[in-house]
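Each remark here refers to the structure printed beneath this line.
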Amino acid sequence: MAGNNRSKPTKYIYISFWSTTKVSLSSSLSVAVRFQHRKLASHCKSKLWKQMKMGKKAKKGNSGFDDNGYKKNATSQVTDGTGKFKKSFKHHQNSDSQAPVIRKQVEPETAKYFSEIANLFESQGVDVEERSVICGNALEEARGKEFELATDYIISNTLQTLLDGCNLDNLCSFLRGCANIIPAIAMDRSGSHVAETAFKSLARHVQDTEAYTIIEETLKMICKVIVVNPLDLMCNCYGSHVLRSLLCLCKGVPLDSPEFHGAKGSKVLAERLNLKVSHLDGNDSQHLQQGFPSLLKFLVSGMMNCTKEDMKTLQVDQYSSLVLQASLKLLGGNDQELLHIIPVLLGCNKENLAEGKFIDMIIAGETVESMKEPAFSHLMEVILEVAPESLYNNMLTKLLKNSLFELSSHPCGNFVVQALISHARTKDQMELIWEELGLKFADLLRMGRSGVIASLIAACQRFQTHEYKCCEALATAVGSKNETSKFIVPRILFLDSYFSYDDKSSWSWPGGAKMHVMGSLILQAIFKFQSEWIQPYILSITSMDAEHVLEAAQDARGARVIEAFLASDASTKQKRRLVVKLRGHFGELAMNLSGSFTVERCFNAGNLSLREAIASELLAVRTELSKTKQGPHLLRTLDIDRYATKPDQWRSKQASKQSAYNEFFVAFGSSESKSTKSNKLLYNASMDTSEHEELNIKKDIDGSLISTSVVDDTSSEKKGRKKRKRDVASEDAVGSNRAIEKAVKNFLSSSTPDKKRHNASNQRLKI
Numbered sequence: 181m182a183g184n185n186r187s188k189p190t191k192y193i194y195i196s197f198w199s200t201t202k203v204s205l206s207s208s209l210s211v212a213v214r215f216q217h218r219k220l221a222s223h224c225k226s227k228l229w230k231q232m233k234m235g236k237k238a239k240k241g242n243s244g245f246d247d248n249g250y251k252k253n254a255t256s257q258v259t260d261g262t263g264k265f266k267k268s269f270k271h272h273q274n275s276d277s278q279a280p281v282i283r284k285q286v287e288p289e290t291a292k293y294f295s296e297i298a299n300l301f302e303s304q305g306v307d308v309e310e311r312s313v314i315c316g317n318a319l320e321e322a323r324g325k326e327f328e329l330a331t332d333y334i335i336s337n338t339l340q341t342l343l344d345g346c347n348l349d350n351l352c353s354f355l356r357g358c359a360n361i362i363p364a365i366a367m368d369r370s371g372s373h374v375a376e377t378a379f380k381s382l383a384r385h386v387q388d389t390e391a392y393t394i395i396e397e398t399l400k401m402i403c404k405v406i407v408v409n410p411l412d413l414m415c416n417c418y419g420s421h422v423l424r425s426l427l428c429l430c431k432g433v434p435l436d437s438p439e440f441h442g443a444k445g446s447k448v449l450a451e452r453l454n455l456k457v458s459h460l461d462g463n464d465s466q467h468l469q470q471g472f473p474s475l476l477k478f479l480v481s482g483m484m485n486c487t488k489e490d491m492k493t494l495q496v497d498q499y500s501s502l503v504l505q506a507s508l509k510l511l512g513g514n515d516q517e518l519l520h521i522i523p524v525l526l527g528c529n530k531e532n533l534a535e536g537k538f539i540d541m542i543i544a545g546e547t548v549e550s551m552k553e554p555a556f557s558h559l560m561e562v563i564l565e566v567a568p569e570s571l572y573n574n575m576l577t578k579l580l581k582n583s584l585f586e587l588s589s590h591p592c593g594n595f596v597v598q599a600l601i602s603h604a605r606t607k608d609q610m611e612l613i614w615e616e617l618g619l620k621f622a623d624l625l626r627m628g629r630s631g632v633i634a635s636l637i638a639a640c641q642r643f644q645t646h647e648y649k650c651c652e653a654l655a656t657a658v659g660s661k662n663e664t665s666k667f668i669v670p671r672i673l674f675l676d677s678y679f680s681y682d683d684k685s686s687w688s689w690p691g692g693a694k695m696h697v698m699g700s701l702i703l704q705a706i707f708k709f710q711s712e713w714i715q716p717y718i719l720s721i722t723s724m725d726a727e728h729v730l731e732a733a734q735d736a737r738g739a740r741v742i743e744a745f746l747a748s749d750a751s752t753k754q755k756r757r758l759v760v761k762l763r764g765h766f767g768e769l770a771m772n773l774s775g776s777f778t779v780e781r782c783f784n785a786g787n788l789s790l791r792e793a794i795a796s797e798l799l800a801v802r803t804e805l806s807k808t809k810q811g812p813h814l815l816r817t818l819d820i821d822r823y824a825t826k827p828d829q830w831r832s833k834q835a836s837k838q839s840a841y842n843e844f845f846v847a848f849g850s851s852e853s854k855s856t857k858s859n860k861l862l863y864n865a866s867m868d869t870s871e872h873e874e875l876n877i878k879k880d881i882d883g884s885l886i887s888t889s890v891v892d893d894t895s896s897e898k899k900g901r902k903k904r905k906r907d908v909a910s911e912d913a914v915g916s917n918r919a920i921e922k923a924v925k926n927f928l929s930s931s932t933p934d935k936k937r938h939n940a941s942n943q944r945l946k947i
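First residue of the sequence shown? That's 181 in the numbering used here, and the numbers climb one at a time after it.
What follows is the structure, encoded as structure tokens:
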């Protein structure tokens with residue numbers, strides 16, 4: 181949160197006793213005297229005042245924001261109706277704006293009281309039952325002084341402890357007592373922490389059915405106050421965070437969930453590239469707690485109704501944009517509410533809404549121009565993600581059509597286009613997008629907009645449209661007709677290096693440079709296409725020099741590309757042509773977390789002689805490899821211990837696996853497999869989508885063979901292989917072989933992602 185830069189106050193010197201009954205202010209001051217702590221009490225008092233002075237200085241020194249939590253010298257940009265931007269105040273002052281709350285100085289005796297409370301808790305001399313009573317009593321003492329105490333730099337920390345440790349009745353009583361001034365508390369640097377602590381404490385009681393009613397009534401009081409004038413709160417760096425936490429509480433999601441506080445990382449990119457199902461589908465219902473849906477609807481609609489006139493300001497303000505994004509995400513799936521809210525966010529007037537028109541064509545150009553602002557571009561990404569299909573279609577055809585390349589060229593606007601492409605609902609919508617961007621690959625890459633290209637490729641895969649054109653356009657963008665295809669893959673791996681080079685014809689592999697994240701993701705997507713469409717890419721990667729292949733395998737991004745190629749539809753011969761270039765370096769690669777996956781893929785793609793070469797290299801480093809995180813798994817998967825003790829048995833086992841795998845494809849690797857593979861490629865949304873069905877089948881066959889005892893009996897293996905041949909040859913006896921039956925089942929259905937691989941891949945390629 182924006183207010184988390186507050187430094188923790190210096191620890192006090194603490195007393196060790198406190199009455200479990202309600203202690204008045206006068207009796208509390210006598211505690212230290214009765215127990216001969218006069219000197220200690222005096223020391224605490226002087227130290228407290230010293231820290232309070234330091235707290236005031238710290239507030240003055242907060243140069244990033246003014247006293248109200250707004251950025252200093254910061255102005256929002258809004259349009260003046262002609263499409264040009266003009267400067268405006270950070271927010272408008274509504275005529276019905278509430279009178280400012282005047283903060284009074286905390287009385288010294290009150291400060292002393294709460295200082296002794298803090299000392300008591302730090303001494304850890306209070307049990308759980310006593311703690312709850314003391315917290316309740318202290319909160320009673322705070323009645324009528326909530327604003328002064330919550331916004332005090334030192335005492336606010338004590339107040340957080342009290343709110344965290346009190347019972348529900350005391351907690352709700354405190355919140356109801358300060359409901360009318362909760363916006364003022366939330367907009368203060370210290371007070372915002374107090375408000376959030378109170379909401380987090382409430383969240384812990386939500387699952388209690390008996391407590392539901394009292395919590396709902398308390399939150400309703402707060403929401404009613406907020407919707408009177410939400411603008412100031414939304415545009416305040418501290419208030420914005422508190423408001424988002426309140427929205428999360430009403431929905432029933434964790435208050436500190438990053439996705440509702442503006443975080444956007446690899447998850448969003450994974451969804452855009454068909455690597456993960458959208459986490460907003462159903463709002464990740466498995467993590468939902470009991471919420472207050474009616475309050476969420478009331479709060480969001482109340483904020484929208486009150487701020488309609490200031491929507492231009494809210495669109496481009498950083499903090500209000502975060503509130504609006506959180507509101508939309510939390511309402512995801514509620515089409516009725518979204519159809520009402522989104523047009524308001526886009527500036528549609530009442531008349532158009534009454535006529536059923538979601539987009540106001542008069543201000544369409546103005547709205548598109550606003551998408552080049554960082555705050556509004558983030559908001560538009562969420563709008564496109566959660567918008568119902570009818571509204572999405574309206575935005576594409578009436579608002580964004582003929583502006584896609586212009587937005588794609590902009591540093592902020594291009595993210596709006598990426599979201600638009602990724603959340604297209606139909607082939608027809610994809611056709612409209614392709615018409616504007618399909619011939620602009622070279623221009624977009626030259627401008628550094630590779631994310632738009634990656635989103636286009638992923639969308640074409642999803643809708644099975646323009647697939648060959650995608651591959652061709654990308655190859656043309658990074659080369660010329662007179663050049664061989666040898667340079668395609670290296671240039672995409674180093675996109676920035678290549679396109680920033682003046683004489684592109686003399687560009688060469690930049691040794692030691694980091695490979696491009698988006699370039700790696702683009703190549704991973706390309707290798708999911710049918711082999712006949714990606715022959716130039718296959719030729720390019722198999723023509724790379726051995727030292728370049730090794731360097732790529734040692735880079736986490738390059739390693740993912742090699743793995744994608746080995747899992748592709750390319751022929752076994754082409755794959756082995758690449759694998760042999762890593763011979764002599766498998767032990768070195770296995771010592772690296774990302775390289776270990778590459779070694780495993782190379783092992784699966786190799787013939788018996790290549791597998792034995794890999795096993796011998798790993799055996800040489802077995803001791804060191806077993807000490808690494810990935811080592812035990814790799815050694816177990818490749819059965820290195822058996823290779824070390826019984827090499828003949830290991831060879832027999834590997835031959836048996838390969839034989840079963842070959843027999844399977846003789847029987848089932850025809851048009852049916854191609855059809856199934858195509859469907860899985862386009863619709864399987866797990867993180868392991870890039871894995872080809874061949875490897876899944878190998879894994880199933882491996883598992884079934886390991887679980888049997890025939891490996892130790894060579895004659896039994898031979899009999900088993902003969903039996904499998906007879907079973908496969910007969911269509912009526914296909915189900916008699918368990919290994920093949922299991923493999924077929926997995927082959928004809930989407931595979932479940934491997935959790936270990938899923939977690940490790942996040943570590944390997946941070947985006």
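All C-beta atoms, glycine included, are put in the ideal place defined by N, C-alpha and C.
Tell me whether the beta-carbon of residue i lies closer than 8 Å to the beta-carbon of residue j.
i	j	result
residue 448	residue 509	no
residue 781	residue 731	no
residue 424	residue 503	yes
residue 598	residue 631	yes
residue 699	residue 673	yes
residue 958	residue 758	Because the chain is modelled from 181 through 947, residue 958 falls outside the range shown and cannot be assessed.
residue 338	residue 395	no
residue 327	residue 281	yes
residue 646	residue 676	no
residue 365	residue 341	no
residue 410	residue 493	no
residue 661	residue 723	no
residue 815	residue 806	yes
residue 729	residue 761	yes
residue 788	residue 838	yes
If we ignore side chains and look at the alpha-carbon of each, how far apart do residue i and residue j end up?
i	j	result
residue 402	residue 359	5 Å
residue 499	residue 405	20 Å
residue 363	residue 594	36 Å
residue 627	residue 682	14 Å
residue 832	residue 848	24 Å
residue 773	residue 822	23 Å
residue 414	residue 576	29 Å
residue 601	residue 636	6 Å
residue 543	residue 527	8 Å
residue 641	residue 771	35 Å
residue 659	residue 733	24 Å
residue 620	residue 562	25 Å
residue 802	residue 792	15 Å
residue 569	residue 606	9 Å
residue 515	residue 431	16 Å
residue 750	residue 711	5 Å
So residue i is in the alpha helix (DSSP H); what residue range does that whole segment cover?
i	result
residue 681	Run containing residue 681: none; DSSP gives neither H nor E here.
residue 816	811 to 817
residue 690	Careful: residue 690 lies outside any alpha helix (DSSP H) and carries neither H nor E.
residue 417	417 to 431
residue 339	335 to 345
residue 562	554 to 566
residue 845	827 to 848
residue 301	288 to 302
**OP:** For the stretch 351 to 413, list the alpha helix (DSSP H) runs that are entirely contained and at least 4 residues long, ordered along the chain.
**Re:** 362 to 366, 371 to 385, 392 to 406
Subject >> Whole alpha helix (DSSP H) elements within the stretch 722 to 789, 4-residue minimum >> reply: 726 to 734, 736 to 746, 752 to 759, 766 to 770, 773 to 785
Original post:
Which runs of the alpha helix (DSSP H), 4 residues or longer, sit entirely within the stretch 459 to 516?
Top reply: With a minimum length of 4 residues, the continuous alpha helix (DSSP H) runs that stay inside the stretch 459 to 516 are 473 to 486, 491 to 496, 498 to 510.
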